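The sequence shown begins at 3 in our numbering and counts up by one.
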Amino acid sequence: MADRDPSLGIQAQAQAGSNSRIIAAYRGRTARSAELAATAQSLLPSGIAHDSRHVDPYGIYIDRAAGPHKWDVDGNRYIDYFGGHGALILGHCHPEVTEAVTAALTRGTQFGASHGAEIEWAKAIQRLVPSAERVRFTSSGTEATLMALRLARAFTGKDRLVRFMGHFHGWHDHMTSGYSNHYDGSPTPGVLDSVARANLLLPPGDIAAVRAAFAAHDDIAAVILEPTGSSFGQVPLSAEFSQELRALCDAHGVLLVFDEVVTGFRATSGGAQAAFGVRPDLSSFAKIVAGGMPGAAVAGRRDILDLLDFAATEAKGREKIGHPGTFNANPVSAAAGITALGILAETDAADRASATAARLRDGLNDMLAREGVNWAVYGTYSGFHTFLNPEGRKIDPTAFNAAACSMAELKSQPKQLSARLRLALLVHGIDTNGRIGGFTSATHTEADTVETIAGFQGAIHMLRDEGEL
Ligand code: PMP
3 MADRDPSLGI QAQAQAGSNS RIIAAYRGRT ARSAELAATA QSLLPSGIAH
53 DSRHVDPYGI YIDRAAGPHK WDVDGNRYID YFGGHGALIL GHCHPEVTEA
103 VTAALTRGTQ FGASHGAEIE WAKAIQRLVP SAERVRFTSS GTEATLMALR
153 LARAFTGKDR LVRFMGHFHG WHDHMTSGYS NHYDGSPTPG VLDSVARANL
203 LLPPGDIAAV RAAFAAHDDI AAVILEPTGS SFGQVPLSAE FSQELRALCD
253 AHGVLLVFDE VVTGFRATSG GAQAAFGVRP DLSSFAKIVA GGMPGAAVAG
303 RRDILDLLDF AATEAKGREK IGHPGTFNAN PVSAAAGITA LGILAETDAA
353 DRASATAARL RDGLNDMLAR EGVNWAVYGT YSGFHTFLNP EGRKIDPTAF
403 NAAACSMAEL KSQPKQLSAR LRLALLVHGI DTNGRIGGFT SATHTEADTV
453 ETIAGFQGAI HMLRDEGEL
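Okay, structure coming up:
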């Protein structure tokens with residue numbers, strides 16, 4: 003089958019790939035999902051609510067989830083590595099989180115007023131992340147990075163932002179170019195040219211490029227990055243890079259913003275900043291911070307977040323940055339967040355999730371080596387990524403070093419191969435993200451690891467039968 007061709011009609015697209023046994027097996031197990039997807043197409047663009055849920059020919063529809071597993075509307079059970087886009091380090095429906103959320107629901111979901119839980123929530127963040135001298139809650143990670151960057155510009159009185167190719171910081175106008183395209187910094191559709199061009203887009207990990215940018219421009223407000231590398235280390239970055247950035251930022255009066263939306267409370271319970279020993283000026287948190295509910299926060303230096311403070315700005319004769327937001331710190335998310343962060347502070351949940359991912363990566367690489375497949379599974383902490391070797395290099399999966407590969411090589415995925423692999427994994431009861439990677443939680447067990455390795459092997463056999471490998 004050719005890759006999806008926009009010039010083909012829907013009928014022709016359905017027929018294309020009709021000789022694929024993988025697609026047939028997938029369709030055979032997911033009839034109810036197919037029906038729902040067909041209806042969704044008439045209501046939602048592409049039938050979905052988030053770009054990364056786009057699956058060809060259609061994605062699974064989930065009915066319920068528990069711990070590391072989820073079940074689709076056809077009754078199939080999956081080992082879940084999507085992990086709520088990274089939010090679910092404690093797995094689905096953690097009993098204590100569920101109890102806290104249920105109790106909060108009965109007391110009300112929106113008070114239009116302050117409440118005690120937002121104070122406890124901020125304390126729970128501060129306990130794990132000492133750089134969070136002040137916390138302002140938002141509803142999403144996108145809003146948290148948007149506010150972090152606005153704070154940085156207002157605080158420094160400078161306009162330009164430095165960011166890195168491939169790093170994702172949400173979908174607001176300043177951060178769309180250079181994530182998966184527009185690496186030349188040109189605007190994506192609907193974004194103002196002047197906004198896109200106010201960023202300096204640099205190659206990730208290239209400290210010389212940062213040094214040169216700092217030397218050439220005296221109007222840089224901040225550097226923002228995913229500290230462990232884009233997409234939770236798909237293109238890995240070292241601790242040294244962040245440490246060198248910290249020193250350069252200090253020397254040039256530039257603020258350092260850690261986007262810890264994914265790494266926060268996951269890389270370690272104190273985030274990447276604890277792992278790297280780097281204290282950023284500002285951090286953005288989402289996902290785990292709200293315990294599996296919607297919610298996020300920007301946190302950091304008091305003097306910077308004072309720009310959101312009525313009295314502090316008045317005292318300094320500064321104009322306050324406005325910040326409303328109907329569901330900021332909503333009490334149900336607060337209850338989930340407090341409980342989840344409490345568990346992460348008091349247990350080894352984050353480390354257990356990381357240890358499970360390490361065993362999974364090792365086991366998958368051993369299996370790939372046994373099968374003679376020239377791919378590798380790599381990653382850090384509780385994440386994994388599959389290198390599908392687009393250039394067909396000779397590699398040993400058990401000794402693969404992602405840091406030695408270029409961003410282009412790590413990010414590029416043979417389109418049809420990865421799409422078929424994804425479906426073949428789903429047929430084997432394994433749900434990964436579209437890049438064939440994902441997150442482990444503290445609830446994934448050794449049995450899940452063994453089943454995943456066997457399922458991945460089964461998926462490889464299906465690909466071989468189909469002539470994809
Ligand atoms: N930053 C990073 C590093 C992310 O991974 C994400 C979401 N995947 C965001 C920001 C945006 O968060 P949200 O989806 O909550 O807007």
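Backbone N, C-alpha and C define an ideal beta-carbon position, used for all residues, glycine too.
Here the structure is a predicted model, which is why all the values come from computation and not from measurement.
Residue 267 sits in coil when the DSSP states are folded into three classes, being neither helix nor strand. In the three-state reduction of the DSSP assignment, residue 433 falls in the strand class, which pools E and B.
Excluding sequence positions up to five before and after residue 64, its CB lies within less than 6 Å of the CB of 72 and 74, all in the same chain and listed in chain order. With distances taken between CA atoms, residue 286 lies nearest to 146 out of 380, 38 and 146. The alpha-carbon separation between residue 76 and residue 422 amounts to approximately 20 Å. Segment contact: the segment 103-110 against the segment 228-244, fewer than three CB-CB distances shorter than 8 Å; contact not assigned. With a threshold of 7 Å, the Cβ atom of residue 287 does not count as near ligand 1, since no heavy atom of the ligand is closer than that. Taking one beta carbon from each stretch, the segment 311-323 and the segment 95-102 have fewer than 3 pairs nearer than 8 Å; the two do not touch. For residue 354 and residue 444, the gap between their C-alpha atoms comes out near 6 Å. Residue environment for residue 153: buried (at least 16 other C-beta atoms within 10 angstroms of its C-beta). Boundaries of the beta strand (DSSP E) around residue 258: 257-261. Distances taken from the Cβ of residue 261 to the heavy atoms of ligand 1 include one shorter than 7 Å.
Remark: the shortest separation between the CB of residue 147 and any heavy atom of ligand 1 falls under 7 Å. For residue 239, the secondary structure class from DSSP, reduced to helix, strand or coil, is coil. When the beta-carbon positions are compared, residue 363 and residue 339 stay at least 8 Å from each other.
Counting C-beta atoms within 10 angstroms of its own C-beta, residue 262 has 16 or more neighbours from the protein chains shown and is therefore classed as buried. Ligand 1 has a heavy atom closer than 7 Å to the beta-carbon of residue 87. By the neighbour-count criterion, in which a residue is buried when 16 or more other Cβ atoms sit within 10 angstroms of its Cβ, residue 191 is exposed.
Remark: C-beta atoms of residue 137 and residue 334 do not approach each other more closely than 8 Å. Secondary structure of residue 421 (DSSP, three-state): helix.
Straight-line spacing of the CA atoms in residue 220 and residue 251 works out to 12 Å. Here residue 385 really is in contact with residue 439; their C-beta atoms are around 7 Å apart, less than 8 Å. Closest by C-alpha distance to residue 399, out of 242, 69 and 375, is 375. Distance from the C-beta of residue 228 to the nearest heavy atom of ligand 1 is below 7 Å. DSSP places residue 218 in the uninterrupted alpha helix (DSSP H) bounded by 209-218. A Cβ-Cβ contact shorter than 8 Å links residue 236 with residue 412. Distances from the CA of residue 186 to each of 174, 171 and 165 were compared; the closest alpha carbon is that of 165. Annotation note: the segment 366-406 contains the following uninterrupted beta strand (DSSP E) runs of length 3 or greater, listed N- to C-terminal: 378-380 and 385-389. Annotation: the segment 152-176 contains the following complete segments of the beta strand (DSSP E) (minimum length 3 residues), in chain order: 162-166. Separation of residue 283 and residue 427 (C-alpha to C-alpha, rounded to the nearest whole angstrom) is 41 Å. The three-state secondary structure of residue 74, taken from DSSP, is strand. With distances taken between CA atoms, residue 240 lies nearest to 206 out of 206, 270, 222 and 214.
Out of 291, 208, 257 and 407, the CA that lies nearest to the CA of residue 305 is found in 257.
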